[in-house]
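Convert by adding 194 to the 1-based position in the sequence shown; the result is the number in the numbering used here. Here the structure comes first, spelled out in structure tokens, and everything after it is commentary.
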Amino acid sequence: MARNPMQKQKLLYLHKIMLEKTDENHALTINEIKKELEAYGISAERKSLYDDLKILEVFGLDICRTKSSTVKYYVGNREFEIAELKLLVDAIQSSKFITHKKSLSLIKKLEGLVSENEGKQLQRQVYVSNRVKTVNEKIYYNVDTIHNAISEDRQISFKYCMWQVRFGSDRKIIKTERRNGASYKVSPWALCWDDENYYLIAYDKDAEMIKHYRVDKMESIEIEAYKRDGKEKFEKFDIARYSKGVFSMFGGEEALVKLSVDNSLIGVIVDRFGSDIYITKETDNTFNVSVKVMLSPQFYAWVFGLGDKIKIISPVKAVEEFSSRIQSAAMLYLK
């Protein structure tokens, strides 16, 4: 009698069944395992299944047995615990630079790392979140290209896009290319994830300064033949300090700003600038702190949001700019 060709694949399918169908709360008896194999057209004797499970265990699969009247088998420890995967799912969902379509694709792959029953817990989290996501499906490839350029010590060129409002057409919000479509050419040095967005930190030789760009707004990225510039600028470059100071990566003039802060906001200051800052007592209720920031609209908005519990002391330029912004905003409501 000819042997079923599927028998040669029995061990592979048994491995698949144990990973997909079992976990600590969902174990299978030998008879149930036989039925699962039969669904693939594979017959098996009880004794051979005991031997096969032992082989999988020696191979490294954590085969566990329940201690009850009926012996059941399941896979215990896996490469990722369900709690760890939930964290990864939440990170994917909260990342604006990953599109909705790519988020679903990634989460589906993560589901394959646990049993079908545990995977349902990850599926349920997909519908909990309703965060704004990017629409640039090419961001995966953008990141990969940038990493390759950095490892190859090469410059890159790209188109940089922005959103604009235009009335009188079928679309009021449109995506356009900056510089009228002219290419940017920079030396990439690092990628930074800040405020749920991915940024390229690069050296612009023409401007002789470090700049940053939203990766999801970059298109048509090409690796150039030229070696990177700006190495001396990045030898002592502190990305963590830089990202703290630019406030959501919006640019502006860097300045050392002295703040008067209510003691109750110490947690807010530490969350923003880290615990290695130096503070001095101002009064029994306030302290002073000096931090390097970019004088951008986002910085002033952050200060304004903290109300009367924080005050810019210096430099004079920052004080005057903040005061002017407050007055301009107030005029909209005082007319």
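Glycine residues also receive a C-beta, built at the ideal position from the N, C-alpha and C atoms. Owing to the predicted nature of the structure, the values given are computational and were not obtained by experimental measurement.
Whole-angstrom distance between residue j and residue i, CA atom to CA atom
i: T223; j: N311; result: 17 Å
i: L206; j: L279; result: 25 Å
i: K290; j: T264; result: 49 Å
i: K228; j: S469; result: 59 Å
i: E514; j: K421; result: 43 Å
i: E413; j: Y335; result: 10 Å
i: A523; j: C386; result: 32 Å
i: K369; j: D410; result: 12 Å
i: G424; j: E346; result: 15 Å
i: P491; j: I463; result: 18 Å
i: A376; j: H406; result: 18 Å
i: E426; j: K486; result: 21 Å
i: Y244; j: A419; result: 60 Å
i: K241; j: K248; result: 11 Å
i: M443; j: T216; result: At M443 the pLDDT is 46, less than 50, meaning the model places this residue with poor confidence; the figure from the coordinates comes in the next sentence. Whole-angstrom Cα-Cα distance: 46 Å.
i: N479; j: L500; result: 16 Å
i: H220; j: I276; result: 14 Å
i: Q319; j: S508; result: Note that Q319 scores 49 on pLDDT, short of 50, meaning its location in the model is unreliable; the coordinates nonetheless yield the value given after this. Their Cα atoms are separated by approximately 46 Å.
i: S262; j: G461; result: 52 Å
Close Cβ partners of residue i (< 6 Å) along its chain, the five nearest in sequence each way excluded
i: A343; result: I350, P382, I417
i: V322; result: Confidence is the limiting factor: at V322 the pLDDT is only 41, short of 50, which leaves the residue's position unreliable and the question unanswerable from this model.
i: M200; result: G235, I236
i: I471; result: V483
i: F428; result: W383
i: C258; result: Y268, G270
i: F498; result: none
i: G313; result: E305
i: Q358; result: I368, T370
i: Y392; result: F291, V409
Best match in the options for proximity to residue i [C-alpha to C-alpha]
i: F352; options: I368, I333, S345; result: I333
i: A449; options: A396, E275, I506; result: I506
i: E273; options: S517, G306, I301, A376; result: G306
i: E218; options: K204, G501, G270, E230; result: G270
i: R348; options: Y397, Q358, T474; result: Y397
i: F516; options: L526, K503, W496, Y527; result: W496
i: D456; options: F467, E214, L250, T477; result: T477
i: L453; options: T474, K302, V308; result: T474
i: I433; options: I404, K399, G461, L459; result: I404
i: H209; options: G254, H220, N225; result: G254
i: A401; options: K379, Y392, L500; result: K379
i: Q315; options: S288, L282, M525, V337; result: L282
i: L213; options: A233, F467, L250; result: L250
i: Y354; options: T260, N374, E226; result: N374
Simplified DSSP assignment, three categories, for residue i
i: S517; result: helix
i: F481; result: strand
i: E278; result: helix
i: L307; result: coil
i: M525; result: helix
i: N391; result: strand
i: E416; result: strand
i: K332; result: coil
i: V372; result: According to the sequence displayed, residue 372 carries Arg and not Val. Residue state, collapsed to three classes: helix.
i: R408; result: strand
i: F431; result: coil
Beta-carbon contacts of residue i that lie in its chain and below 8 Å, excluding the five residues immediately before and after
i: I340; result: I350, P382, L385, L394, V409, I415
i: A512; result: A449, V451, L489, I506
i: D256; result: V269, G270, N271, R272
i: F441; result: Confidence at F441 is low in this model, with a pLDDT of 48, below 50, so its placement is unreliable and no value can be given for it.
Contacting residues, own chain, Cβ-Cβ under 7 Å from residue i (five flanking each side not counted)
i: L238; result: Per the sequence shown, the amino acid found at residue 238 is Ala instead of Leu. K204, K228, L231, listed in sequence order.
i: F481; result: V455, N457, I473, T474, K475
Any non-hydrogen atom of the ligand SAM within 7 Å of residue i CB
i: G270; result: Of ligands this structure carries none, so the ligand SAM is not represented either.
Any alpha helix (DSSP H) of 4 or more consecutive residues that is wholly inside the region 203-265 | 204-215, 224-232, 240-253
Uninterrupted beta strand (DSSP E) stretches inside the region 464-512 (no shorter than 3 residues) = 473-475, 480-489, 504-508
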